[in-house]
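Inspection log for the structure reproduced underneath, given as structure tokens.
2 protein chains.
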Amino acid sequence: MENKFDKKSVGIVVPKTAEIKHSLSLDCGKVLEKFSLVFETYGKLNKEKSNAILICHALSGDHHAAGYHSNDDKKPGWWDSCIGPGKPFDTNKFFIVSLNNLGGCMGSTGPNTTNIETGIEYGPDFPIVTVNDWVNSQKLLADFLEIEKWACVVGGSLGGMQALQWAISYPDKIKNSIIVAAAAKLSAQNIAFNEVARQAIITDPEFHDGHYNKFGVIPKRGLSIARMLGHITYLSDDSMRQKFGRDLREGKLHFGYDVDFQVESYLRYQAQAFVDRFDANTYLLMTKALDYFDPAKDHGGELFKAFKNTESKFLVISFTSDWRFSPAKSHEIVKALLKARKNVSYAEIEANQGHDAFLMPIPHYFNVLRNFMENL
Amino acid sequence: MENKFDKKSVGIVVPKTAEIKHSLSLDCGKVLEKFSLVFETYGKLNKEKSNAILICHALSGDHHAAGYHSNDDKKPGWWDSCIGPGKPFDTNKFFIVSLNNLGGCMGSTGPNTTNIETGIEYGPDFPIVTVNDWVNSQKLLADFLEIEKWACVVGGSLGGMQALQWAISYPDKIKNSIIVAAAAKLSAQNIAFNEVARQAIITDPEFHDGHYNKFGVIPKRGLSIARMLGHITYLSDDSMRQKFGRDLREGKLHFGYDVDFQVESYLRYQAQAFVDRFDANTYLLMTKALDYFDPAKDHGGELFKAFKNTESKFLVISFTSDWRFSPAKSHEIVKALLKARKNVSYAEIEANQGHDAFLMPIPHYFNVLRNFMENL
Chain A
1 MENKFDKKSV GIVVPKTAEI KHSLSLDCGK VLEKFSLVFE TYGKLNKEKS NAILICHALS
61 GDHHAAGYHS NDDKKPGWWD SCIGPGKPFD TNKFFIVSLN NLGGCMGSTG PNTTNIETGI
121 EYGPDFPIVT VNDWVNSQKL LADFLEIEKW ACVVGGSLGG MQALQWAISY PDKIKNSIIV
181 AAAAKLSAQN IAFNEVARQA IITDPEFHDG HYNKFGVIPK RGLSIARMLG HITYLSDDSM
241 RQKFGRDLRE GKLHFGYDVD FQVESYLRYQ AQAFVDRFDA NTYLLMTKAL DYFDPAKDHG
301 GELFKAFKNT ESKFLVISFT SDWRFSPAKS HEIVKALLKA RKNVSYAEIE ANQGHDAFLM
361 PIPHYFNVLR NFMENL
Chain B
377 MENKFDKKSV GIVVPKTAEI KHSLSLDCGK VLEKFSLVFE TYGKLNKEKS NAILICHALS
437 GDHHAAGYHS NDDKKPGWWD SCIGPGKPFD TNKFFIVSLN NLGGCMGSTG PNTTNIETGI
497 EYGPDFPIVT VNDWVNSQKL LADFLEIEKW ACVVGGSLGG MQALQWAISY PDKIKNSIIV
557 AAAAKLSAQN IAFNEVARQA IITDPEFHDG HYNKFGVIPK RGLSIARMLG HITYLSDDSM
617 RQKFGRDLRE GKLHFGYDVD FQVESYLRYQ AQAFVDRFDA NTYLLMTKAL DYFDPAKDHG
677 GELFKAFKNT ESKFLVISFT SDWRFSPAKS HEIVKALLKA RKNVSYAEIE ANQGHDAFLM
737 PIPHYFNVLR NFMENL
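If you read the protein sequences in the order shown, they are chains A and B. So the first sequence is numbered by our numbering: it starts at 1 and just counts up by one. So the second sequence is numbered by our numbering: it starts at 377 and just counts up by one.
Below is the structure:
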């Protein structure tokens, strides 16, 4: 198809579906006999199958990381700035795979899909999956694609946790791991924010114990609150000040509960856009995957021991103003990798955009990625 | 009454009510023809009436700052550690007044009281009041008590804003102002957190546009979310780590949405306790009073100009781990006071309890208060 987009875009992409006919034992004890994963690919797999990169998405992400789904598409994929010809993840050189995670809501088997055993939608009965489960499901996707070994697994935030877990779970199936704005485990404060978001959703009367679709409604109030709260933690205090300050939307105070300040208007808009596209049960299970991630847990809390058998090279990146997963969280990973005598590079990027910086085309950040990728 | 409590307690206290028969013009343009303020006093007013201290409360506080309401009371007032014989606010020396603010829900005229003009409960029709309005109402309380001039006005957080506004609004009626863990204006992030809390309450189907009492319900889900969120911002990441870490309540993960981690249990408990005692309409208007506070606004954004006519001495205190109103916010106040050539002392207290530190008996903090009070 002709590419009406700029030369650095991967252009129009068509999602594919992998029907995985292999059972998957989950950490919760349940077993999925088979499942589907929706994915996109950018670039070409070489003959040696040695140039494959896996992109793992974060809380509200999906398989659509780059390019456009149609000529009318207004927005490209969520990491389009980073993926394409000549971009840090260069599609002239690499074959890039991006999937919608198991439990997601954009086509992969998850709460909003039909349970083939019962013939009805999973809804809240879809099991809570972990980062470890995701990595196991992604290994089955690699098998499906006949990719023996990833040249690189990369992700930001919750995606970075998957990149880290890959190196632990399948040490000989991954050559490089890029972990951006992530953490080896959530803090009590992180868990607390997730819990407030969950309570907002679960206590919404239109949640109906997760069976909202049966009732033809969605828990939009709860999901809105969750998203607004999320947005606050994605931005830094500083970037909010620059973006909104104390600017009034209509130049005056209203002495009521309609929007006074620009920041209120922004949050309401973001929340509405999210409610229109995202599934509440998926949101809930994604937050639990975050809370549960703790690879050190099975090693007496000693993170370096979890890295004992890893064989990959690591690149860890953090952003100075990220308070959701601060640089200190990345330091924890780097220190443990060094203690385990692993090959790790670390970059702390000066950026005032907060956690969201991992999605931004910040020159220093992209140079670090580019250099690493050129020397894989 | 005999004091069964320890010698440093003010013992049993009985709240009083001031019927203010003086009209009050509010910033929103409305006028209250008369109103009631509930208050408590500790210590004795001297003959010269020169030893009166006004305590201003924060978002969820009230008039009950010290002592007990009965012998069966399990908990003393919210600032009991700081008020009493021999304590920083020494009732052997000072006459201390603590009120429930206008618009509050603990007895003063507010949303949950009867509008004498209509004979029905104000509910959501109670006007949004500002910090400036509160200070004007407190001035009428001072007149009622025949206190010509406060030896000191003191408050933490939203209470600190009132102490600051007193110095601006009534420069010759206040000798000293103590401003703890406060800010001269909220940041976009602060406003954003307040907005999420408000949206949680307002979108609760049991809010009924604020007329929930008419329907015999309360918007408990929304108020819970608001309180949980508030609690996260009152604690530091560090204090949450120390208090809860990643401890599991029952030693194992549940792979469901019941409580897994101790921090989740804590938040739910705090939320429930709050819903049982606080009014949603009051919560809403308190958050707006916070958002609207900005004494520099009428001076082209130049805070030091707002202080031009102040006559009081100032003590400003912040806490290192407070990220709700960080030390930087206090620096802004101190710098402006210095630029206006005012008498200001500043203490930045090393404390890991976050914003909540202002309620804690931290030795260095209490020494600073004590020294200041001994040299009034």
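Note that the Cβ used here is the ideal one computed from N, Cα and C, for glycine as well.
Any non-hydrogen atom of the ligand NAD within 7 Å of residue i CB
{"i": "residue 720 of chain B", "result": "Among the ligands in the structure shown, none appear at all, so the ligand NAD cannot be discussed."}
Euclidean distance between Cα positions of residue i and residue j
{"i": "residue 359 of chain A", "j": "residue 318 of chain A", "result": "12 Å"}
{"i": "residue 178 of chain A", "j": "residue 94 of chain A", "result": "15 Å"}
{"i": "residue 476 of chain B", "j": "residue 556 of chain B", "result": "19 Å"}
{"i": "residue 161 of chain A", "j": "residue 588 of chain B", "result": "44 Å"}
{"i": "residue 487 of chain B", "j": "residue 66 of chain A", "result": "52 Å"}
{"i": "residue 680 of chain B", "j": "residue 482 of chain B", "result": "35 Å"}
{"i": "residue 489 of chain B", "j": "residue 436 of chain B", "result": "17 Å"}
{"i": "residue 228 of chain A", "j": "residue 387 of chain B", "result": "45 Å"}
{"i": "residue 265 of chain A", "j": "residue 364 of chain A", "result": "32 Å"}
{"i": "residue 155 of chain A", "j": "residue 585 of chain B", "result": "44 Å"}
{"i": "residue 754 of chain B", "j": "residue 332 of chain A", "result": "Any question about residue 754 of chain B goes unanswered here, given that chain B covers just 377 to 752."}
{"i": "residue 48 of chain A", "j": "residue 618 of chain B", "result": "51 Å"}
{"i": "residue 248 of chain A", "j": "residue 547 of chain B", "result": "30 Å"}
{"i": "residue 675 of chain B", "j": "residue 751 of chain B", "result": "32 Å"}
{"i": "residue 368 of chain A", "j": "residue 347 of chain A", "result": "7 Å"}
{"i": "residue 746 of chain B", "j": "residue 283 of chain A", "result": "50 Å"}
{"i": "residue 651 of chain B", "j": "residue 124 of chain A", "result": "28 Å"}
{"i": "residue 189 of chain A", "j": "residue 731 of chain B", "result": "14 Å"}
{"i": "residue 718 of chain B", "j": "residue 390 of chain B", "result": "38 Å"}
{"i": "residue 647 of chain B", "j": "residue 655 of chain B", "result": "13 Å"}
{"i": "residue 733 of chain B", "j": "residue 455 of chain B", "result": "12 Å"}
Residue-level contact to chain A via CB, residue i, 8 Å cutoff
{"i": "residue 481 of chain B", "result": "no"}
{"i": "residue 711 of chain B", "result": "no"}
{"i": "residue 700 of chain B", "result": "no"}
{"i": "residue 616 of chain B", "result": "yes"}
{"i": "residue 392 of chain B", "result": "no"}
{"i": "residue 436 of chain B", "result": "no"}
{"i": "residue 620 of chain B", "result": "yes"}
{"i": "residue 670 of chain B", "result": "yes"}
{"i": "residue 420 of chain B", "result": "no"}
{"i": "residue 378 of chain B", "result": "Reliability of the predicted coordinates at residue 378 of chain B is poor, the pLDDT of 49 falling under 50, and the value obtained from them is presented with this limitation in mind. Not an interface residue."}
{"i": "residue 744 of chain B", "result": "no"}
{"i": "residue 732 of chain B", "result": "no"}
Where the alpha helix (DSSP H) through residue i begins and ends
{"i": "residue 267 of chain A", "result": "262-275"}
{"i": "residue 735 of chain B", "result": "Unbroken run through residue 735 of chain B: none, as it is neither H nor E."}
{"i": "residue 419 of chain A", "result": "Because chain A here runs from 1 to 376, residue 419 of chain A falls outside it and cannot be looked at."}
{"i": "residue 659 of chain B", "result": "656-668"}
Minimum Cβ-Cβ distance from residue i to chain B less than 8 Å
{"i": "residue 203 of chain A", "result": "yes"}
{"i": "residue 198 of chain A", "result": "yes"}
{"i": "residue 284 of chain A", "result": "yes"}
{"i": "residue 215 of chain A", "result": "no"}
{"i": "residue 155 of chain A", "result": "no"}
{"i": "residue 256 of chain A", "result": "yes"}
{"i": "residue 221 of chain A", "result": "yes"}
{"i": "residue 165 of chain A", "result": "no"}
{"i": "residue 127 of chain A", "result": "yes"}
{"i": "residue 161 of chain A", "result": "no"}
Terminal residues of the beta strand (DSSP E) in which residue i lies
{"i": "residue 99 of chain A", "result": "95-99"}
{"i": "residue 38 of chain A", "result": "35-42"}
{"i": "residue 376 of chain A", "result": "It is not in any beta strand (DSSP E) - residue 376 of chain A carries neither H nor E in the DSSP assignment."}
{"i": "residue 392 of chain B", "result": "392-396"}
{"i": "residue 56 of chain A", "result": "52-56"}
Across the segment 256-271 of chain A and the segment 135-152 of chain A, are there enough close Cβ pairs to call them in contact, namely three or more that are closer than 8 Å? No, they do not touch.
Is the number of C-beta pairs between the segment 194-208 of chain A and the segment 280-291 of chain A that are closer than 8 Å three or more? yes
Going along the chain, which unbroken runs of the beta strand (DSSP E) with 3 or more residues stay wholly within the segment 690-725 of chain B? 720-725
For a minimum of 4 consecutive residues, which ranges assigned as the alpha helix (DSSP H) are wholly contained in the segment 569-626 of chain B? 596-610, 613-619, all fully within the segment 569-626 of chain B.
Minimum length 4: unbroken alpha helix (DSSP H) runs contained in the segment 126-188 of chain A: 131-144, 158-169
Within the chosen definition, does the segment 73-90 of chain A reach the segment 115-133 of chain A through at least 3 CB pairs nearer than 8 Å? Segment contact: the segment 73-90 of chain A against the segment 115-133 of chain A, fewer than three CB-CB distances shorter than 8 Å; contact not assigned.
How about the segment 714-732 of chain B and the segment 604-615 of chain B: do they share at least three Cβ pairs that are nearer than 8 Å? A contact exists between the segment 714-732 of chain B and the segment 604-615 of chain B.
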